[in-house]
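First comes the structure, then the notes that go with it.
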Amino acid sequence: MRKKKLMVANWKMNPGSVAEARVLFGKTKLAGGKLDKVETVMCPPFPYLGLFAHAGTTRVSLGAQDVFWANIGRATGEVSPEMLKDVGASYVIVGHSERRALGETDEMVSKKLRAVLAEGLTPIVCVGEKERDVDGKYFDILKNQIKSSLAGIRRTDFREFVIAYEPLWAIGKSAREAMTPRDIRETSIFIRKVLADMYDATTAELPVLLYGGSAEGSNTAAILRDGGVSGLLVGHASLDASGFISMLKSANSI
Ligand code: PEP
Numbered sequence: 017m018r019k020k021k022l023m024v025a026n027w028k029m030n031p032g033s034v035a036e037a038r039v040l041f042g043k044t045k046l047a048g049g050k051l052d053k054v055e056t057v058m059c060p061p062f063p064y065l066g067l068f069a070h071a072g073t074t075r076v077s078l079g080a081q082d083v084f085w086a087n088i089g090r091a092t093g094e095v096s097p098e099m100l101k102d103v104g105a106s107y108v109i110v111g112h113s114e115r116r117a118l119g120e121t122d123e124m125v126s127k128k129l130r131a132v133l134a135e136g137l138t139p140i141v142c143v144g145e146k147e148r149d150v151d152g153k154y155f156d157i158l159k160n161q162i163k164s165s166l167a168g169i170r171r172t173d174f175r176e177f178v179i180a181y182e183p184l185w186a187i188g189k190s191a192r193e194a195m196t197p198r199d200i201r202e203t204s205i206f207i208r209k210v211l212a213d214m215y216d217a218t219t220a221e222l223p224v225l226l227y228g229g230s231a232e233g234s235n236t237a238a239i240l241r242d243g244g245v246s247g248l249l250v251g252h253a254s255l256d257a258s259g260f261i262s263m264l265k266s267a268n269s270i
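The opening residue of the sequence shown carries number 17 in the numbering used here; numbering runs sequentially from there.
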């Protein structure tokens, strides 16, 4: 298990202005910079990335919410891995369910992952089932999604690699509706087992596993303690600086 907790703020399409983005980044960076057992990653929308170019430190890093799978080509509206690296981003979220809902396929996810790795950036690939059925079919859905999304990824790529397990049914709600630490742990074990079948037992332990889906201040500690994950991917709760800072402090105290 990774020693430092990895706390990733996915700002999604927020906040609405440069001024607010600066305040949110500044407050989070200041607090995150004081914590020695947590690495904080902030993933603002593309237009704000340049504002924080090279503002990352060893404790607070910059990440992007998406990326294109090539550095050159006719790709209106896209942003290349090379551009992200040049502004000082070190992490990139790939295959978020909200991108998948807009048409991103497992094949696109795997192309993006390979491009991100080739640029020396760390991918945070999101996987997760839409719903849970009583027969447990969601395990097969998850397994197939992991296998196809990771197509072409080699054992050695897992040295700097993050997998965020995000069950869609738990995203964007409140902590009460998040997955329980016990179920998160069960799924974490399952994800490692899928990786062990695809690669080997040692490789399966390499990627950092995160949970995402209505993580808030009230469930941070329990998930990090009992969920079998090394950190959280945080959506709505990362937009409130003081709330997110208390989550970071809670992670730091575990
Ligand atoms: C997300 O969209 O990645 C996410 C985890 O959102 P929320 O925390 O709002 O559920």
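Ideal Cβ placement from N, Cα and C applies to all residues, glycine included.
* **Which of helix, strand or coil DSSP assigns to leucine 118** => coil
* Asked: Heavy atom of the ligand PEP less than 7 Å from the Cβ of valine 178, yes or no?
  -> The answer is no for valine 178.
* How about asparagine 235: is its Cβ closer than 7 Å to a heavy atom in the ligand PEP? -> no
* To do: Measure the alpha-carbon distance for valine 125 versus threonine 196 and round it to whole angstroms.
  => 28 Å
* Go to lysine 146, then tell me how far its beta strand (DSSP E) extends in each direction, as first and last residue. => Note, lysine 146: premise wrong, no beta strand (DSSP E); not H, not E.
* To do: Spell out a yes or no on whether the segment 116–133 and the segment 230–248 are touching, meaning 3 or more CB-CB pairs, one atom from each, closer than 8 Å.
  => No: the two stretches stay apart, fewer than three of their Cβ pairs being nearer than 8 Å.
* To do: Take phenylalanine 84 and list the residues in its own chain whose beta-carbon comes closer than 8 Å to its own, dropping the five residues that flank it on each side.
  => Excluding its 5 nearest sequence neighbours in each direction, phenylalanine 84 has C-beta neighbours in its own chain below 8 Å: Ala91, Glu94, Val95, Ser96, Pro97, Lys128 and Ala131, listed in chain order.
* Is the distance from the Cβ of proline 61 to the Cβ of methionine 29 below 8 Å? -> yes
* To do: Confirm the yes/no value for this check: CB of isoleucine 187, any heavy atom of the ligand PEP, distance under 7 Å.
  => If you check the C-beta of isoleucine 187 against the ligand PEP, you find a heavy atom less than 7 Å away.
* So what does DSSP say about threonine 92, is it helix, strand or coil? -> Looking at threonine 92 - three-state DSSP - the assignment turns out to be coil, as it is neither helix nor strand.
* Kindly examine the ligand PEP and report whether one of its heavy atoms sits closer than 7 Å to the Cβ of valine 250. => Correct: valine 250 has its Cβ closer than 7 Å to the ligand PEP.
* Identify, in the order they occur along the chain, each residue of the same chain with its Cβ nearer than 8 Å to the Cβ of serine 266, setting aside the five sequence neighbours on each side. => Gly233, Thr236, Ala237 and Leu240
* **Local conformation of asparagine 26 per DSSP, three classes** => Here DSSP, grouped into helix, strand and coil, assigns asparagine 26 to strand.
* Using the C-alpha atoms, what's the distance from proline 223 back to alanine 69? -> Rounded to the nearest angstrom, the two C-alpha atoms are 26 Å apart.
* glutamate 55 versus Ala25, Val76 and Leu211, residue with shortest Cα-Cα distance -> Of the candidates Ala25, Val76 and Leu211, the residue whose Cα lies closest to the Cα of glutamate 55 is Val76.
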